[in-house]
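K.L.:
Residue numbers (our numbering), protein chains in the order written: chain A, 8 to 620; chain B, 1155 to 1539. Glycine included, each C-beta is placed from N, C-alpha and C at the ideal position.
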């Protein structure tokens, strides 16, 4: 101990004081460590994990869409983009080098360069060119050593191998983005697609698959260190359609430059064998980043190429609606198969004249002949006897206005009745309006699919069918019942209508006599329709109705045909609608005939004798 | 008496080792070993680049420890002022020729290590103060105004130079540590009251006119670390995450993710305590803290055992210095005080602090060996007494 008496005690006292102070300080430190390391350890553990663990999602490969024979319609394709790490070297020099090798669009390059300082860029790379061709890709690969900073980025896009022929059926896809609230991912999943339209949208839950999740350890600058866990992505399921591509191709070819819709259904179960919509577009443009040029081209093309006409197109059915009225009249007993009604070409209701398409009239007709010759006056009379509500009721029983699933959606078709008129116009139903509906005009609007389903329901021995476009998912057949229920129509009545439709083609007075097929095993039956899209005035009738070809295009009649074949055991049902093409008998019926014959040829491999005796 | 010679090295050099305080030495080696293991881990399980260099420095420092222990304590007493002035000159030279690091001039490159005179002065000022008060008859302030002025000059001259570097933290630590030493060696309470009053009066002027923006920012960030989570607050937040996530037993040796994934840059130096906490949990941090507490109190006791003022004051000074190192470093990494560049003695990577600490410990050992030696107040000769 200090031998200095004067300060010894003081120093000892002070040392004790400072010693206590030190103990106090260390207690505080230990307390602090206890708080951080024991009490709050879970909190900091979580913080530490979120610091170092980064979640990476991997897009699953989207299911394919294939046709009924297994040919690919929609697939995934690897695409390659030319990327450049601008943090490293002299960009402009490299761009010049690349320009000597492949074609670089200055506009795209400038766009990319402008992005360099924007927040979008996270990894110091800009894309100089997307969707490299194989040739460009190989040129770049070979020259990579001389292009420091240049990398090739791989990504995946949806490819529609059959292009515009399936555009409306399969629809298209788009990428998920952050704003998408459907799935709550913390980060963007690159190349994860969702269906935007058509089959891609309605069957998205099958096609999409489940993204893989990878936990990756990263360092403070976000660089990959190692993988901690990996849940593999589950690929989407393949969806097989009932569509036959050969028939689909043929249908598109047959429509040609016409605008319209063509449907072929399997008469037994409602499988859609072909569904063509014209005009069409190439869905592949939606797979790549959509450029304004392509988009403008689509939306500025006349005649709404994006509408899926067979399903969503709305048309006045014209005379193709007459089987519905006939069936209703038989059902409600307002006529029997033998009663004849006289047609002199004009039907008068109050002080208004309603005209038959045939000037001078058809004379005396029973129900079968009235359908075969498509007599308007006969159906004015039937409609009046029935009243609008009974027509509408029957139409609905035959499938008009029916919702099946999201692919078809709720039809926007209009089956007018008294209630509908009150609701939409707040007006009383007029008898004259019933007459118009009687011949498939007036307020009535239907879709091509509804007409096909109606046909199927008439000829299917009292079974009500529903349309079906998906054959199997991942090889498993769709099990839901295709035949929904028995209709409450009498077989006898259905046979009358069916026979009448036979007469349309197979009796000389039938409206589609010219489109008949003389092959016993494949008699085609059907009903023509020519729906007016304008009102013919009294003056015009007096001075002579203007011929269709003399009218401006958008005022010309729609040509319609509904049909089935063979008559005895119907296998195929078709609806053909050609907008503004003219008469149903002259324009739509021949196309329908070819389509039915082709269907038989493609599906059964049987040629039909088309010689006309 | 062995004190007759400046150096005791002679025919019986090995005899010296009999007197060394081996408990002290073992404590030092234990603490160093923990540091070495952490440096090995910080490099991702490698002796390079830090652990091997640190080991060489430690071996050199052990030699220094023995050298300082064996040289006559009278030599150290006689050389105190010279050593102090040399370190003051080194400190000044840094302001002119030093290497810049982290925005401040702090080092002189000596090959094996970068000498940081601001670290050195913390120990040499102990010698100067101990020397001064060894010779003073009375430690009462009122007996002589000189007792007030000289220590103030001894302390504030280097503190101001360090402040100019600019290194506010080291400057403040020097002042606080020195005043603590003055307190323990028995200076009148009035001295501290007057100094405290003065400090309060000039504080606003210092804030307004002398502090750089980044220094103000550090102080503000300490008050609210989330003020700037990626800037000044980043270190505190990441350091607390590293500490807390270690939990009771830690993530295991070499498994500290915070440190290894660079969320804590440069953690081999001032933030190495976080690596210990992360990999060994509170068990690890308590073991190291207890070793330091043992060291600090053991040296304090050695100080009390010494008969001469110089030995007593010097040893207490070293103890207080070590205490401030440990306290400031651990309080800093656990977010109790602002971030100031203070290493953890013998654990943090760095040459200067290790050499300074081992020099100080050498003095402690020397004092222990000479604890019964009484030294007169007045000097005779250049170095001798």
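#1: Given that a residue counts as buried once 16 or more other Cβ atoms are within 10 Å of its Cβ, and exposed if not, what is residue 367 of chain A?
#2: What is the rounded straight-line gap between the Cα of residue 336 of chain A and the Cα of residue 421 of chain A?
#3: Does the pairing of the segment 1398-1406 of chain B with the segment 1425-1439 of chain B give three or more beta-carbon distances under 8 Å?
#4: Excluding the 5 residues flanking residue 1315 of chain B on each side, which residues of the same chain have their C-beta closer than 7 Å to its C-beta?
#5: Can you tell me the Cβ-Cβ gap for residue 1324 of chain B and residue 1371 of chain B, rounded? I've got them flagged as a contact below 8 Å.
#6: Closer than 8 Å is the cut-off here; do at least three beta carbon pairs connect the segment 370-387 of chain A with the segment 440-458 of chain A?
#7: Please name the residue, chosen from A/87, A/150, A/140, A/380, that lies closest to residue 369 of chain A on a Cα-to-Cα basis.
#8: Quick check: what's the CA-CA separation for residue 13 of chain A versus residue 1463 of chain B?
#9: Given a threshold of 16 other Cβ atoms within 10 Å of its Cβ, counted over all protein chains shown, does residue 404 of chain A qualify as buried or as exposed?
#10: State the start and end residues of the unbroken beta strand (DSSP E) segment that holds residue 158 of chain A.
#11: With the cut-off set at 9 Å, would you say residue 570 of chain A and residue 605 of chain A are in Cβ contact?
#12: Is it true that the CB of residue 254 of chain A sits closer than 9 Å to the CB of residue 281 of chain A?
#13: 9 Å is my cut-off, CB to CB: does residue 1431 of chain B come that close to chain A?
#14: For residue 24 of chain A, would you say it is in contact with chain B, using Cβ-to-Cβ distances shorter than 9 Å as the test?
#15: Listed from N- to C-terminal order along the chain, which residues in the segment 1478-1506 of chain B have their beta-carbon within a distance smaller than 9 Å of any beta-carbon of chain A?
#16: In this structure, does DSSP put residue 188 of chain A in helix, strand or coil?
#17: Of all Cβ atoms in chain A, is any one closer than 9 Å to the Cβ of residue 1426 of chain B?
#18: So which residues on chain B does residue 621 of chain A lean against when the C-beta distance must stay under 8 Å?
#19: Taking all protein chains shown into account, do 16 or more other C-beta atoms lie within 10 angstroms of the C-beta of residue 537 of chain A, making it buried, or fewer, making it exposed?
#20: Just the Cα atoms here: how many angstroms apart are residue 192 of chain A and residue 38 of chain A?
#21: Excluding the 5 residues flanking residue 1389 of chain B on each side, which residues of the same chain have their C-beta closer than 6 Å to its C-beta?
#22: Flag residue 1453 of chain B as yes if its beta-carbon sits less than 9 Å from any beta-carbon of chain A, otherwise no.
#23: For residue 1423 of chain B, which residues in chain A fall below 7 Å Cβ to Cβ?
#24: At 8 Å on the CB atoms, spell out the chain A contacts of residue 1334 of chain B, in chain order.
#25: If you draw a straight line from the C-alpha of residue 314 of chain A to the C-alpha of residue 532 of chain A, how long is it?
#26: Going by other Cβ atoms of all chains shown within 10 Å of its Cβ, with 16 needed for buried, is residue 309 of chain A buried or exposed?
#27: Ignore the nearest five residues each way along the sequence and tell me which others in residue 188 of chain A's own chain have a CB closer than 8 Å to its CB.
#28: Please name the residues in the segment 44-60 of chain A whose beta-carbon is closer than 7 Å to at least one beta-carbon of chain B, in chain order.
#29: Compare the C-alpha of residue 508 of chain A against each of A/609, A/330, A/492 and name the closest.
#30: Where do the ends of the alpha helix (DSSP H) carrying residue 84 of chain A lie?
#31: Could you work out which residue in A/375, A/71, A/107 is closest to residue 345 of chain A when comparing CA atoms only?
#32: By alpha-carbon positions, which one of A/108, A/332, A/133 ends up nearest to residue 120 of chain A?
#33: In terms of residue numbering, what span does the alpha helix (DSSP H) encompassing residue 498 of chain A cover?
#34: If you measure from the beta carbon of residue 1394 of chain B to each beta carbon in chain A, is any gap under 9 Å?
#35: If you run the structure through DSSP and keep just helix, strand and coil, what is residue 1490 of chain B?
P.N.:
On the basis of the supplied data:
#1: exposed
#2: 20 Å
#3: yes
#4: 1245, 1246, 1249
#5: At roughly 18 Å, the Cβ-Cβ gap does not stay under 8 Å, so residue 1324 of chain B and residue 1371 of chain B are not in contact.
#6: yes
#7: A/380
#8: 11 Å
#9: buried
#10: 157-167
#11: no
#12: yes
#13: yes
#14: yes
#15: 1480, 1481, 1484, 1485, 1488, 1489, 1490
#16: With a pLDDT of 44 at residue 188 of chain A, under the threshold of 50, the modelled position of this residue cannot be trusted; read the value that follows with caution. Coil at residue 188 of chain A, not helix or strand.
#17: no
#18: It is not possible to answer for residue 621 of chain A, since the shown part of chain A is limited to 8 through 620.
#19: buried
#20: Only weak support exists for where residue 192 of chain A lies, its pLDDT of 46 falling under 50; the value from the coordinates is given anyway. Computed Cα separation, rounded: 40 Å.
#21: 1493
#22: no
#23: Those within 7 Å of residue 1423 of chain B in chain A number zero; the least Cβ separation is about 17 Å.
#24: 25
#25: 29 Å
#26: exposed
#27: Because the pLDDT of residue 188 of chain A is 44, which lies under 50, any placement of that residue in the model is unreliable, and the number read from its coordinates should be weighed accordingly. Here the set comprises nothing.
#28: 44, 45, 47, 48, 50, 51, 52, 54, 55, 58, 59
#29: A/330
#30: Note, residue 84 of chain A: premise wrong, no alpha helix (DSSP H); beta strand (DSSP E) at 79-92.
#31: A/375
#32: A/133
#33: 498-513
#34: yes
#35: coil
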